[in-house]
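Novice: In this note's numbering, the protein residues as written are 16 to 394. Take a look at this one; I'll ask things after.
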Amino acid sequence: MTAKKFIFQLHKYLGLTTGLVVFIVSITGCCWAFRDEIESLYDDYKKVTPQDQSMLTPTKAKELAKEIFPNNTVHGTLFKKEDDAIEVIFYDAEPEFYQSVFLNPYSGEVIHVDNHLSGFFAFILKGHMRLWLPKTIGEQVVGVFILIFIVIIISGFIIWLPKKRKNLKQRLKFDWKKTTRWKRKNFDLHTVVGFYICSLALILAFTGSMMSYNWLKYVVYKSTGGEKEARFIIPENQSEIGERDSEIPMDYLITKLIKENPNAESFELHYPKTADESIYVEVSNSKGIYYDSDFRFFDQNTLEEIETPSIYGKYENAKVADKIQRMNYDIHIGAIGGIAGKIIAFLVSLLTASLPVTGVLLWYGRNYKKKKVLESIKV
16 MTAKKFIFQL
26 HKYLGLTTGL
36 VVFIVSITGC
46 CWAFRDEIES
56 LYDDYKKVTP
66 QDQSMLTPTK
76 AKELAKEIFP
86 NNTVHGTLFK
96 KEDDAIEVIF
106 YDAEPEFYQS
116 VFLNPYSGEV
126 IHVDNHLSGF
136 FAFILKGHMR
146 LWLPKTIGEQ
156 VVGVFILIFI
166 VIIISGFIIW
176 LPKKRKNLKQ
186 RLKFDWKKTT
196 RWKRKNFDLH
206 TVVGFYICSL
216 ALILAFTGSM
226 MSYNWLKYVV
236 YKSTGGEKEA
246 RFIIPENQSE
256 IGERDSEIPM
266 DYLITKLIKE
276 NPNAESFELH
286 YPKTADESIY
296 VEVSNSKGIY
306 YDSDFRFFDQ
316 NTLEEIETPS
326 IYGKYENAKV
336 ADKIQRMNYD
346 IHIGAIGGIA
356 GKIIAFLVSL
366 LTASLPVTGV
376 LLWYGRNYKK
386 KKVLESIKV
């Protein structure tokens with residue numbers, strides 16, 4: 016068996032094995048691409064009428080939201096513009112609980128409660144990340160199969176390469192006539208489409224794998240010259256707890272940050288889990304993207320800012336390797352390129368979903384043809 020025949024067999028059997036998973040992950044990824052734009056069409060409850068009075072403090076917002084879910088953990092509170100509701104986010108891993116309480120920032124009235132684990136996009140995300148299986152099992156299955164899909168993409172490109180240069184044009188376009196049979200059309204759909212999207216599909220698969228495997232994230236970070244910790248680290252306080260309530264200084268923090276960053280999109284404050292942990296605030300600087308956010312940490316007693324050894328600190332301090340890591344999610348969903356990037360991610364995901372279908376039809380057609388020939392010989 017020649018090397019190319021071996022690669023062909025590898026491509027075929029790996030493709031048949033992973034086809035259903037690749038199809039589901041691709042289709043759900045395609046549906047996820049414009050989630051923000053679609054949800055913005057029916058989220059009017061997030062807007063309020065601005066008033067000439069101070070907004071709720073983080074402590075008060077937490078207290079009011081806890082009246083709705085007293086037995087669950089507050090993950091953080093999101094503050095935006097003066098005409099936006101305050102969002103208090105609850106999250107527990109076991110049993111899984113993920114809901115938001117939206118409050119009027121002036122009166123404290125509960126405007127809306129949003130369950131992030133229900134609805135169309137929650138269904139899509141569960142399919143994309145874990146095939147609607149239990150979390151621990153599904154995420155492992157998806158992670159392994161996407162790594163295999165990377166091998167399929169590379170082997171498919173090797174198979175696509177023609178032996179002779181004169182045959183290259185046939186691999187680059189659909190040269191269909193009225194007499195062209197459906198098997199030839201299906202072959203072209205698999206090979207031509209596969210060639211044009213293989214590089215972008217490889218990027219989507221690789222960035223997805225980086226989110227699945229910390230070891231891969233670490234390898235990529237260090238190989239690009241990274242010097243910091245490639246994980247999220249919340250530093251400890253640098254002062255001892257004083258006599259006054261440790262939550263009081265926190266209530267001045269958001270007002271202070273809004274004045275210092277008037278052009279920021281939002282401020283997501285995370286309450287310290289222990290007396291030794293600092294306050295963590297994620298400052299979103301751009302709408303629709305995450306990589307240029309500032310991750311800032313403050314002593315919960317003095318509000319003195321503390322630096323973190325992690326890549327997730329102030330964006331202005333990020334080096335090239337840090338930025339590559341931070342851009343990973345935005346690249347994966349296409350947001351890095353704005354609306355044009357999302358359209359590209361949508362099309363690539365949709366066309367990637369077609370490859371397992373055309374591949375199975377190729378396999379079926381060849382096997383069916385062989386059986387038909389054998390039957391005719393026997394007759």
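Virtual Cβ for every residue (Gly too), placed ideally from N, Cα, C.
Give me the Cα-Cα distance between PHE23 and VAL234, rounded to the nearest whole angstrom.
Specialist: One C-alpha to the other measures close to 29 Å.
Novice: Is the beta carbon of LEU204 sitting closer than 7 Å to the one on THR373?
Specialist: yes
Novice: What residues match up with SER299 in a beta bridge as DSSP calls it?
Specialist: SER281
Novice: Enumerated in chain order, which unbroken segments of the alpha helix (DSSP H) with a length of 4 residues or greater are wholly contained in the region 89-149?
Specialist: The region 89-149 contains, as complete alpha helix (DSSP H) runs of 4+ residues, the segments 135-145 (chain order).
Novice: Taking the alpha carbon of LYS150 as the reference point, which residue from PRO110, LEU183, ALA355 has its own alpha carbon closest?
Specialist: PRO110
Novice: Which residues in the same chain as ASN130 place their Cβ atom closer than 7 Å to its Cβ, once the five residues preceding and following it in sequence are excluded?
Specialist: GLN114
Novice: Classify ILE269 as helix, strand or coil using the three-state DSSP reduction.
Specialist: helix
Novice: Report yes if the CB atom of GLY223 is closer than 7 Å to the CB atom of ILE161, and no otherwise.
Specialist: yes
Novice: Buried or exposed, going by whether 16 or more other CB atoms sit within 10 Å of the CB of ALA18?
Specialist: exposed
Novice: For ILE248, collect the residues of the same chain with a Cβ closer than 7 Å to its Cβ; drop the 5 residues on either side in sequence, then sort them by chain order.
Specialist: THR323, PRO324, SER325
Novice: To the nearest angstrom, how far is it from the Cα of LYS27 to the Cα of PHE361?
Specialist: LYS27 and PHE361: Cα-Cα distance of roughly 26 Å.
Novice: List the whole-angstrom C-beta distance separating LEU118 from ALA80, where the pair is believed to meet the contact cut-off of C-beta under 8 Å.
Specialist: 7 Å
Novice: Distance, Cα to Cα, GLU258 vs LYS271?
Specialist: Only weak support exists for where GLU258 lies, its pLDDT of 48 falling under 50; the coordinates are left without a value.
Novice: With DSSP collapsed to three states, give me the class of LEU59.
Specialist: Before going further, note that residue 59 is Asp rather than Leu in the sequence given. The answer is helix: DSSP assigns ASP59 an H, G or I state.
Novice: Please name the residue, chosen from GLY328, ILE304, ASN343, that lies closest to VAL313 on a Cα-to-Cα basis.
Specialist: The question names Val, yet the displayed sequence has Phe at residue 313. The residue with the shortest Cα to Cα distance from PHE313 is GLY328.
Novice: What residues in its chain sit with their C-beta under 8 Å from that of PHE49, if we drop five residues either side in the sequence?
Specialist: LYS357, PHE361
Novice: Tell me where the alpha helix (DSSP H) around ARG50 begins and ends.
Specialist: 50-54
Novice: Report back the beta-carbon spacing between ASP345 and TYR305 to the nearest angstrom; my notes put them in contact at under 8 Å.
Specialist: About 6 Å separates the two Cβ atoms, so the contact holds.
Novice: By how many angstroms is the C-alpha of GLU320 removed from the C-alpha of SER293?
Specialist: 9 Å
Novice: The beta strand (DSSP E) with PHE310 in it runs from where to where?
Specialist: 309-313
Novice: Would you check whether the ligand FAD has a heavy atom nearer than 6 Å to the C-beta of ILE126?
Specialist: Absence of the ligand FAD is noted for the structure shown, with no ligands found whatsoever.
Novice: Check GLU320 in the structure and name its three-state DSSP category.
Specialist: Note: GLU320 maps to strand in three-state DSSP.
Novice: In the structure shown, what three-state DSSP assignment does GLU82 receive?
Specialist: coil
Novice: DSSP state of ILE169, grouped into three classes?
Specialist: helix
Novice: Answer yes if the region 203-219 comes into contact with the region 161-176, meaning at least three C-beta pairs across the two stretches below 8 Å, and no otherwise.
Specialist: Contact between the region 161-176 and the region 203-219 is established, with three or more Cβ pairs separated by less than 8 Å.
Novice: Work out the CA separation of LYS192 and LEU370 for me, nearest whole Å.
Specialist: LEU370 and LYS192 have their C-alpha atoms spaced approximately 22 Å apart.
Novice: If I follow the unbroken alpha helix (DSSP H) through TRP47, where does it start and stop?
Specialist: 18-47
Novice: Can you give the beta carbon distance from GLY44 to HIS143, rounded, assuming they're within the 8 Å contact cut?
Specialist: 6 Å
Novice: I believe VAL363 touches ALA216 by the beta-carbon criterion, under 8 Å. Please report the beta-carbon distance rounded to the nearest angstrom.
Specialist: 6 Å
Novice: Please tell me whether LEU318 and LEU268 are closer than 7 Å, where the distance is taken between their beta carbons.
Specialist: yes
Novice: Looking only at its chain, what residues have a beta carbon closer than 7 Å to the beta carbon of PRO73, apart from the 5 residues adjacent to it on each side?
Specialist: So the list reads THR92, MET265, ASP266, ILE269, LEU284, once near-sequence residues are dropped.
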